[in-house]
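Going by my numbering, the letters in the sequence shown line up with residues 753 to 1048, in that order.
Glycine included, every Cβ here is placed at the ideal spot set by N, Cα and C.
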Amino acid sequence: MKIGFIGVGYMGRHMARNILNGGHDLTIFDISKDAAEELLSLGATWATSPGQAAEASDVVFTSLPRPQDVEEVVAGEGGILSGARSGTAYFDLSTTDPATIERIANQAEAKGVRILDAPVSGGTAGADNATLCVMVGGDRDAYDEFKAVLDLIGDKVMYCGDLGAGAVCKIVNNLIGLSTGVLLSEAFTLGIKAGVDAETLFTAVAGSSGATQAMQGFPNGIFKRNFDPGFQLDLAAKDVGLATQLGRELRVPMEMSNIAQQRYITAQNEGWGRLSAGAVARIQEERSGVEIAPPD
Ligand code: NAD
């Protein structure tokens, strides 16, 4: 199959490689050609615009940072819609919001391009190992037609419902995981200040009712003072913001989520947006005077 892939960053490069390894013809585009080097060496074809990638493809994927990037890549000058033919399917693997995907679908309708939201969860390791959860909303026939391609990037591919349903599932998931990250920083600084070391706390919680996936990154992350990104704090702030924005639109009270969002914004204001999302805990470390790390 001829497949286009736009946005080959921390996530996209792995997903695109797994699609390529599935035996498909892959055409790629990214604003940074450097990001595409490995894929080009593996046999992918370079396009000079998203539109050119779409022109060469039966189905197009994007993995881009923010909703506004997705909108630009789809509907902007030289965008996907400028090159896609009637019947082309487009899956957005980025984390965006239902309103963005709806606007894009309205613009795509006249061209007969089928639009689906398909955000993913599982981090860069999941993208590398093709063990992502892929949450798809939109045209059921297009989902069925391209399910075999989606299975190349994840082992938990699910149809969530109408257009936007995938985005909603992803927003709900990330709100839980990222807010838990803030709560974990408070819980661990409390435990350490009360005299128990970080590793003992980790082992106790991991075997108890507080066990959470958000904590699994601690041993290789904050315990080692390693804040190299796989998932950038800027993107985490965006995701919690998508949740609180949706809450405002739908009049859902979300006091705790707004506090969590504020913590991510504070971390961005510290200049930590390009660090890993786990760096949000440093706000709490500074405020409490406690470092979440095993003693030297
Ligand atoms: P990233 O910033 O590493 O990658 C995005 C890529 O898109 C970059 O290579 C960038 O150069 C490219 N890009 C940006 N604007 C572009 C444009 N206008 N045209 C073409 N290319 C453009 O981000 P990422 O971590 O790979 O995340 C991508 C999406 O997946 C985001 O929406 C993120 O929230 C979501 N996500 C990330 C993770 C993770 O662990 N990193 C996990 C799940 C979901």
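Minimum Cα-Cα distance from D880 among the listed residues I755, V920, A768 and Q965 corresponds to A768. Of all alpha-carbon atoms in G947, G878, S838 and D777, the one lying nearest the alpha-carbon of M753 is that of D777.
Not a single heavy atom of the ligand NAD lies less than 8 Å from the C-beta of E829. Secondary structure of T996 (DSSP, three-state): helix. For D810, there is no enclosing alpha helix (DSSP H), as DSSP marks it with neither H nor E. A direct Cα-to-Cα measurement between T797 and R1003 gives close to 46 Å. Looking at the DSSP output, R1015 sits in no beta bridge, so it has no partner there.
If you look at V920, you'll find it in the alpha helix (DSSP H) that goes A917 to K945. Cα atoms of T852 and I832: separation of roughly 15 Å, rounded to the nearest angstrom. Set against 8 Å, the gap from the CB of A879 to the closest heavy atom of the ligand NAD is smaller.
By the criterion of a C-beta distance shorter than 7 Å, T932 is surrounded in its chain by T964 and A966, once the five residues flanking it on both sides are discounted. 9 Å or more divides the Cβ of G839 from the Cβ of L868.
Burial is judged here by how many other beta carbons sit within 10 angstroms of a residue's own beta carbon; R837 has fewer than 16 and is exposed. In this structure, S784 has its beta carbon less than 8 Å from a heavy atom of the ligand NAD.
Collapsing the DSSP output to three states places M1008 in a helix.
Annotation for A788: V760, I780 and D782 place their beta carbon closer than 6 Å to its own, counting only its chain and skipping 5 residues before and after.
Rounded to whole angstroms, the gap between the alpha carbons of T955 and I944 is 13 Å.
In this structure, R769 has its CB at a distance of at least 8 Å from all heavy atoms of the ligand NAD. Counting along the chain, K908 sits inside the beta strand (DSSP E) bounded by residues G906 to G913. Counting the other Cβ atoms within 10 Å of the Cβ of A799 gives 16 or more, which makes it buried.
For the pair G1041 and I974, the CB atoms are not nearer than the 9 Å cut-off. If the five residues before and after K922 are omitted, its C-beta is found closer than 6 Å to the C-beta atoms of T847, P871 and M887, all from its own chain and listed in chain order.
When DSSP assignments are scanned along the region 859–893, the uninterrupted stretches of alpha helix (DSSP H) that are 4 or more residues long and fall wholly within it turn out to be 875–881.
Here D893 is exposed: its Cβ has fewer than 16 other Cβ atoms, across all protein chains shown, within 10 Å. Under the DSSP definition of a beta bridge, T840 lacks any partner. When distances are taken from the beta-carbon of V992 to the heavy atoms of the ligand NAD, even the shortest one reaches 8 Å or more.
DSSP places L791 inside the alpha helix (DSSP H), whose first and last residues are E789 to S793. Buried is the label assigned to A1033, since at least 16 other Cβ atoms lie within 10 Å of its Cβ.
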